[in-house]
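Numbering (our numbering), first residue to last: 75 to 710. Ideal Cβ positions, reconstructed from N, Cα and C, are used throughout, including at glycine.
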């Protein structure tokens, strides 16, 4: 039997494990319960994937996001590892096929969402399957103190009590309170805890106030070469910023959840093999396995330090120098505080949104749905005429109180089958030569396409025929409408399930004490995010303290630490900065102190007042220093 190192080399082509991976794997192999606290990019998945290949039976992986499961399974299959996943968008026939494979020992890893553990069909199959151990990914979801609490995680304990298998719980973001909940609600006994420092010593953390964000982003990207991710909270901003950067010859693209699957797949593929700047909402991130990201830049403030640090941690996974830059403007704090208020609609507003949701989904009084139904979140928000933030938070609250369950988007690939005879298809050659070439390509590329629906990829077909996805889709629709074939385009749809009967008068009951506790937790998270950039401290040390990592020292690399190191300016630097200020004023003719201040990176700005004061004393500038500090216009 191969050892962990041989498995690692054979399937992953790595020569050695990252810190703590080998120790964690050994504990899993010895049948112990394990709590693994590893930072983003620390290699959590290998900690259960390697032992899954070394033990008899099936490793059951509980994961919260379909996109994450899809990504993990795809990567495992590319390495010839037998793995599959089950999600709410599958038919019962598809689910039974996968469970049958598991029962016949054709799978080593099976990924499921925690909600699946309550399915009687799933449980009956599990009783006939040998489970080696259970891996609980994103284990912080089990805690109300966690930043992404999911009540169905609390059902894992009942499942574990029946099957009595060892558990490995993994997370990248867990405070002491969250850690205690994980241990309690998973009933980890005599467990081994492995905790790697959350510090990312190769990432330089910078938080900088800047009112002219587009110019500053451009300036940063011109200096930091290599692949980058730019996060914003707005779909429109992803497009605007990408276009702005492209005008200045910076390779940039945009990504958000409103794009169709093919577009997202193509953009991701291009980004993975290039040094492009990807401007994205937080839809871009799960499953990213690109080690050479040199920069993660936040244009807008995330609502929590957990979310910020997880996204920042996508930089520098190769261990080389990388940067996390947070840009904030004067009104960003007010905007984030305003979002905090939106996050918790009062109970009457919550009932009104629930009422709209029932009407939109055609759920009558006394009704609920056993099977999930397709649900377009953005269309519902337009229908309800409620703000985006308030609607999203209301749906989250209704889910956390078990009134509804909303799955993340389920991707169903495109399906195609010829129903016409080959001779009829040949007739297309004269009238529609491009369509005919497409048919020939599909007949060569997809086995069984004349006898059953097969999965096709429009992107692959477009590349082969050197055309666009839109042209391919138009041709496929033509074949469908003309009865040469059946074509079902891909879809990427969320699903919703109403877990309780709709009450008369929509008088949903929410525990007020619980509700107030959730508000308190969210408020604390927002203020931690505000304090991260709003106070003078080492950025890395602040984050480590937030995650209860005691006695963390200053990093010596962030903007605050560099400011301390460079508290005194040497003569050469003084002359250089003085020259830059004077040239700027001469070119602009008039400027504000804020403009001058923002010409320089945050770790050099403490010199600006000193230099301006000296220029004033030398009468190079007019004596208007107090006006400058208030941001009023001044002239040479």
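- Closest by C-alpha distance to residue 555, out of 602, 491, 515, 596, is 491.
- Taken atom to atom, the span from the alpha-carbon of residue 686 to that of residue 599 is near 38 Å.
- CA-CA distance, residue 242 to residue 566, rounds to 31 Å.
- An exposed status is given to residue 493, since fewer than 16 other beta-carbon atoms sit within 10 Å of its beta-carbon.
- For the options 210, 166, 218, 220, the alpha carbon positioned closest to that of residue 194 is the one of 166.
- In the structure shown, residue 621 falls within a coil segment according to DSSP collapsed to helix, strand and coil.
- The beta carbon of residue 93 is closer than 7 Å to those of 270 in its chain, skipping five residues each way along the sequence.
- Here residue 289 carries a helix assignment [DSSP, helix/strand/coil].
- In this structure residue 185 does not touch residue 226 by the C-beta definition: roughly 15 Å separates them, more than the 8 Å allowed.
- DSSP places residue 269 inside the beta strand (DSSP E), whose first and last residues are 266 to 269.
- Listed in chain order, the beta strand (DSSP E) runs fully inside the stretch 359 to 427 are 367 to 372, 396 to 402, counting runs of at least 3 residues.
- In the three-state scheme derived from DSSP, where H, G and I count as helix and E and B as strand, residue 342 is classed as helix.
- The three-state reading of DSSP puts residue 276 in coil, since its state is none of H, G, I, E or B.
- Shortest Cα-Cα distance from residue 263 to any of 370, 240, 475 involves 240.
- Note: residue 351 is bridge-paired with 302, 326 in the DSSP secondary-structure output.
- A contact is defined here as three or more CB-CB pairs under 8 Å, and the stretch 434 to 441 fails this definition with respect to the stretch 627 to 636.
- As the crow flies, the alpha-carbon of residue 90 is around 10 Å from that of residue 80.
- Ranked by Cα distance from residue 256, the first of 224, 481, 131, 281 is 224.
- Beta-bridge annotation (DSSP): residue 159 is paired with 185.
- Residue 419 has its alpha-carbon roughly 7 Å from the corresponding atom of residue 464.
- With respect to the 9 Å criterion, residue 387 and residue 281 are not classified as neighbours on the basis of their beta carbons.
- For residue 242, the enclosing beta strand (DSSP E) stretches over residues 241 to 245.
- The way I'd put it, the stretch 475 to 489 does touch the stretch 568 to 585; three or more beta-carbon pairs between them come closer than 8 Å.
- Within the stretch 503 to 565, the runs of beta strand (DSSP E) that reach at least 3 residues and sit entirely inside it are, in chain order, 528 to 530, 559 to 562.
- In this model, residue 170 and residue 132 are separated by some 16 Å (Cα to Cα).
- Counting C-beta pairs with one atom in each stretch, the stretch 367 to 378 and the stretch 295 to 314 have three or more that are closer than 8 Å, which means they touch.
- For residue 481, no beta strand (DSSP E) encloses it, and the DSSP letter there is neither H nor E.
- Contact between residue 190 and residue 160 holds, with the beta-carbon distance rounding to 6 Å and staying under 8 Å.
- Look at residue 110 here: in three-state DSSP terms it is strand.
- It is roughly 10 Å from the alpha-carbon of residue 607 to the alpha-carbon of residue 601.
- In the displayed model, residue 632 falls within coil according to three-state DSSP, outside both helix and strand.
- In terms of Cα proximity to residue 546, the closest of 521, 573, 513, 523 is 513.
- With 16 or more other CB atoms across the displayed protein chains lying within 10 angstroms of its CB, residue 284 is buried.
- With 16 or more neighbouring CB atoms inside 10 Å of its own CB, residue 475 falls in the buried class.
- The C-alpha of residue 348 is placed about 35 Å away from the C-alpha of residue 268.
- Within the model, the alpha-carbon separation for residue 471 versus residue 421 is close to 11 Å.
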